[in-house]
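Numbering (the numbering used here), first residue to last: 1 to 264.
To keep things clear, I will list the structure first and then write my remarks on it.
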Amino acid sequence: MGQVKIKSEKELAGLRAACRLAAATLEQTAPLIVEGITTNEINQFVHRFTLQHGGKPAPLNYHGYPKSICTSINEVICHGIPSKRKLKNGDIINVDITTILDGWHGDVSAMFYVGTPSEIAKTLVETTRECLRLAIAQVKPGARLGDIGAAIQRHAEGHGFSVVRDFVGHGIGRGFHEEPQVPHFGQAGRGLRLEKGMTFTIEPMINQGVWHMRILEDTWTAVTADGLLSAQFEHTVAVTEDGVEVLTAFASPLLHSEVFPEGR
Ligand code: MF3
Ligand code: CO
Ligand code: CO
Numbered sequence: 001m002g003q004v005k006i007k008s009e010k011e012l013a014g015l016r017a018a019c020r021l022a023a024a025t026l027e028q029t030a031p032l033i034v035e036g037i038t039t040n041e042i043n044q045f046v047h048r049f050t051l052q053h054g055g056k057p058a059p060l061n062y063h064g065y066p067k068s069i070c071t072s073i074n075e076v077i078c079h080g081i082p083s084k085r086k087l088k089n090g091d092i093i094n095v096d097i098t099t100i101l102d103g104w105h106g107d108v109s110a111m112f113y114v115g116t117p118s119e120i121a122k123t124l125v126e127t128t129r130e131c132l133r134l135a136i137a138q139v140k141p142g143a144r145l146g147d148i149g150a151a152i153q154r155h156a157e158g159h160g161f162s163v164v165r166d167f168v169g170h171g172i173g174r175g176f177h178e179e180p181q182v183p184h185f186g187q188a189g190r191g192l193r194l195e196k197g198m199t200f201t202i203e204p205m206i207n208q209g210v211w212h213m214r215i216l217e218d219t220w221t222a223v224t225a226d227g228l229l230s231a232q233f234e235h236t237v238a239v240t241e242d243g244v245e246v247l248t249a250f251a252s253p254l255l256h257s258e259v260f261p262e263g264r
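What follows is the structure in structure tokens.
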């Protein structure tokens with residue numbers, strides 16, 4: 001538990017650097033995500049790239065997690081463990097990267113299409129991308145956490161999809177998962193009031209069918225209860241004087257369809 005930590009300008013600079021490395025790592029990883037590559041190979045690339053740039057992959061050994069990233073394919077909601085599995089045409093995959101740099105954590109994830117997606121996969125992924133964009137647009141001093149959840153829920157359910165309840169966004173800083181919890185559903189005008197210097201992730205997981213999940217025997221992999229598709233995007237954000245800074249925003253054209261409010 002503990003309190004919501006307000007970051008000073010100096011602390012924000014540290015967090016910003018970690019987030020920039022996490023985002024750059026995901027950008028460099030994107031071109032590798034093609035038919036035939038194994039999720040172990042993606043894991044190994046991220047692991048090496050992170051170390052080469054002075055960082056550490058946060059997931060490795062985190063509560064016993066065995067790999068450096070999470071790779072969640074198709075019906076996997078989150079925490080998919082890299083393996084010898086090869087990506088195949090039509091798969092959708094979330095790659096989730098958390099980087100520690102000088103003691104600060106940057107957390108970012110995105111969906112990728114392998115080859116040609118089905119119509120429903122495309123609609124689910126693009127709707128989830130929009131959910132994160134709409135959620136980020138809610139962030140400013142005086143807004144409530146419920147405004148974020150409500151924006152996501154309204155958009156996802158408006159498209160006939162459901163919002164995962166069992167996993168939430170989280171405060172982030174020197175800790176990987178800090179206060180507050182950031183639900184991706186809820187009521188506008190409710191919950192914690194946002195203040196300048198708060199830093200947290202928003203990481204909606206949106207399901208094609210029911211929101212319920214189960215955990216596989218490996219004790220990590222969360223899959224949809226009905227076996228239908230799930231999608232997720234994640235950014236780390238900071239509340240600023242008059243709005244939001246997306247700390248894990250991308251620079252490269254490859255991910256320019258990515259989520260951040262206009263003009264940032
Ligand atoms: N990166 C995930 C998140 O967004 C957490 C992964 S924890 C792990 O919060 F142990 F599974 F890696
Ligand atoms: Co996160
Ligand atoms: Co993450």
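Glycine residues also receive a C-beta, built at the ideal position from the N, C-alpha and C atoms.
The Cβ-Cβ distance between residue 132 and residue 180 does not fall below 7 Å. Distance between residue 146 and residue 229, taken at the CA atoms: about 26 Å. Leaving aside the five residues that flank residue 19 on each side, the residues in its chain whose CB is nearer than 6 Å to its CB run, in chain order, 106, 236, 247, 248. A direct Cα-Cα distance of roughly 21 Å separates residue 66 from residue 103. Straight across, the Cα-Cα distance linking residue 81 with residue 121 is about 21 Å. The beta carbon of residue 177 lies closer than 8 Å to those of 170, 171 in the same chain, with the five residues before and after it left out. For residue 179, the distance from the CB to the nearest heavy atom of ligand 2 is not below 6 Å. In its chain, beyond the 5 residues on either side, 33, 93 have a beta carbon closer than 6 Å to the beta carbon of residue 112. Going by DSSP, residue 147 is part of no beta strand (DSSP E) but of the alpha helix (DSSP H) stretching over 145–158.
Closer than 6 Å to some heavy atom of ligand 2: that describes the Cβ of residue 201. In this chain, residue 46 is not harboured by any beta strand (DSSP E); it is covered by the alpha helix (DSSP H) spanning 39–52. If you ignore the 5 residues before and after residue 51, its C-beta comes within less than 7 Å of no other C-beta in its own chain.
Residue 7 carries a coil assignment under DSSP once its states are collapsed to helix, strand and coil. A direct Cα-Cα distance of roughly 8 Å separates residue 161 from residue 124.
Cα atoms of residue 184 and residue 41: separation of roughly 31 Å, rounded to the nearest angstrom.
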